[in-house]
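Engineer: The structure follows.
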């Protein structure tokens, strides 16, 4: 019995790491890096910086709003861009206190900016960088019937690195279109990370999803079915995770070549 419970917990943990673990870690890192960029930008440009990254703010709040529509959550107030101190926009929703299933929906609402931000970056990349060939994600995806989280994220890093190298190899940096592309990518990437309020508000939903997965995996047939579903879903998530990591690399470049030098020289 103890061995069975150990295997059940191990299987559920692997599913959680594949579906949510790395994504939440990347979201947190994006939040930290974007916060460093925003802090320096706001110190140098004042409120003007917030208007520069307005497209990213609108994208972020729209992601939350779309998450509400997907989960049937009522939106009480929606302001995609309205700078007010550290808050640049907000979505006020109707909270159903005490409903555990709604908590799971709150998690999906919280990660809305990630899905929508990745989608917008993907579409923008395909539109502006037509000469930039994207990696063959099907080839890069682990071949194991049910890859371990370590194998999955090792391949994700490889895919993101290939995107990063390809971007600097083929783009014509003197092109006006690519200047616009870099501007839009910067705006969306710098505001795609979840805020500390987003992260703190979605933890109960994450705990609820974890509990549901563990309970379902106790039944052998259901656990095997969930593993198969996780594998198929991960194939769809793989390009998104690689794109998130690529965005994190781009943000780190802005920190190294913009935020740190400006902070050292002028602040």
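Numbering (this note's numbering), first residue to last: 217 to 483.
Glycine included, C-beta positions come from ideal geometry on N, C-alpha and C.
Span of the beta strand (DSSP E) holding residue 309?
Structural biologist: Along the chain shown, read from residue 1 onward, the residue named residue 309 stands at position 93. Counting along the chain, the beta strand (DSSP E) containing residue 309 begins and ends at 306-309.
Engineer: Provide the residue(s) that pair with residue 413 in DSSP beta bridges, ordered along the chain.
Structural biologist: Your numbering for residue 413 matches position 197 in the chain shown. DSSP lists no partner for residue 413.
Engineer: Can you tell which of 480, 233, 219 has the C-alpha that lies nearest to the C-alpha of residue 370?
Structural biologist: Working through the chain shown from its first residue, we reach residue 370 at position 154. For the residues 480, 233, 219, the minimum Cα distance to residue 370 belongs to 233.
Engineer: Going by DSSP in three states, residue 291 sits in which element: helix, strand or coil?
Structural biologist: Along the chain shown, one-based indexing puts residue 291 at 75. Strand.
Engineer: Going by DSSP, what residue range makes up the alpha helix (DSSP H) through residue 259?
Structural biologist: Position 43 of the chain shown, counting from 1, holds the residue named residue 259. Segment 238-261, the alpha helix (DSSP H) holding residue 259.
Engineer: Leaving out five residues on either side along the sequence, give the residues of the same chain with a beta carbon under 8 Å from the beta carbon of residue 267.
Structural biologist: As a position in the chain shown, residue 267 is number 51, starting the count at 1. 299, listed in sequence order.
Engineer: Which residues in the same chain have their Cβ closer than 7 Å to the Cβ of residue 425, if we skip the five residues on either side of it in sequence?
Structural biologist: Residue 425 sits at position 209 when you count from the first residue of the chain shown. Closer than 7 Å at Cβ, skipping near neighbours: 320, 323.
Engineer: Can you give me the C-alpha to C-alpha distance between residue 219 and residue 428, rounded to a whole angstrom?
Structural biologist: For the purposes of this step, residue 219 is identified with residue 3 of the chain shown, where counting begins at 1. For the purposes of this step, residue 428 is identified with residue 212 of the chain shown, where counting begins at 1. If you take the alpha carbons of residue 219 and residue 428, they lie about 20 Å apart.
Engineer: Name the two residues that bound the continuous alpha helix (DSSP H) containing residue 353.
Structural biologist: Working through the chain shown from its first residue, we reach residue 353 at position 137. Note, residue 353: alpha helix (DSSP H), 353-356.
Engineer: Along the alpha helix (DSSP H) that carries residue 344, what are the first and last residues, could you check?
Structural biologist: By one-based count along the chain shown, residue 344 stands at place 128. Note, residue 344: alpha helix (DSSP H), 328-344.
Engineer: Mind checking which residues open and close the alpha helix (DSSP H) that includes residue 268?
Structural biologist: Counting from 1 along the chain shown, the entry for residue 268 is found at position 52. Residue 268 -> alpha helix (DSSP H) spans 264-268.
Engineer: With a 10 Å radius around its C-beta and 16 neighbouring C-beta atoms as the bar for buried, classify residue 293 as buried or exposed.
Structural biologist: One-based indexing of the chain shown puts residue 293 at position 77. With fewer than 16 Cβ atoms within 10 Å of its Cβ, residue 293 is classed as exposed.
Engineer: Compute the Euclidean distance between the alpha carbons of residue 258 and residue 355, then round it to the nearest angstrom.
Structural biologist: In the chain shown, the residue the question calls residue 258 occupies position 42. In the chain shown, the residue the question calls residue 355 occupies position 139. Straight-line Cα distance between these residues: approximately 42 Å.
Engineer: Could you tell me the alpha carbon to alpha carbon distance between residue 365 and residue 230, rounded to whole angstroms?
Structural biologist: One-based indexing of the chain shown puts residue 365 at position 149. One-based indexing of the chain shown puts residue 230 at position 14. When rounded, the distance between both Cα atoms is 6 Å.
Engineer: Within the same chain, show all residues whose beta-carbon is closer than 6 Å to that of residue 222, passing over the 5 residues directly before and after it, in chain order.
Structural biologist: On the chain shown, position 6 is the one that residue 222 refers to. So no residue of the chain qualifies.
Engineer: Can you tell me the Cα-Cα spacing of residue 376 and residue 243, whole angstroms?
Structural biologist: Working through the chain shown from its first residue, we reach residue 376 at position 160. Working through the chain shown from its first residue, we reach residue 243 at position 27. Those two C-alpha atoms are separated by around 15 Å.
Engineer: Roughly how many angstroms separate the alpha carbons of residue 451 and residue 262, rounded to a whole number?
Structural biologist: By one-based count along the chain shown, residue 451 stands at place 235. By one-based count along the chain shown, residue 262 stands at place 46. Spanning the two alpha carbons is a distance of roughly 43 Å.
Engineer: For residue 189, is the classification buried or exposed, using 16 other Cβ atoms within 10 angstroms of its Cβ as the cut-off for buried?
Structural biologist: Any answer about residue 189 is impossible in this case: the structure gives the chain only from 217 up to 483.
Engineer: Are the CB atoms of residue 325 and residue 309 nearer to each other than 8 Å?
Structural biologist: In the chain shown, the residue the question calls residue 325 occupies position 109. In the chain shown, the residue the question calls residue 309 occupies position 93. Cβ distance < 8 Å, so residue 325 and residue 309 count as in contact.
Engineer: Give me the DSSP bridge partner(s) of residue 300.
Structural biologist: To locate residue 300, count along the chain shown from 1; it is residue 84. DSSP output for residue 300 lists 303 as bridge partner(s).
Engineer: Closest to residue 250 by C-alpha separation, out of 440, 283, 408, 435, would be which residue?
Structural biologist: As a working mapping, residue 250 is identified with position 34 in the chain shown. That would be 408, whose Cα lies nearest to the Cα of residue 250.
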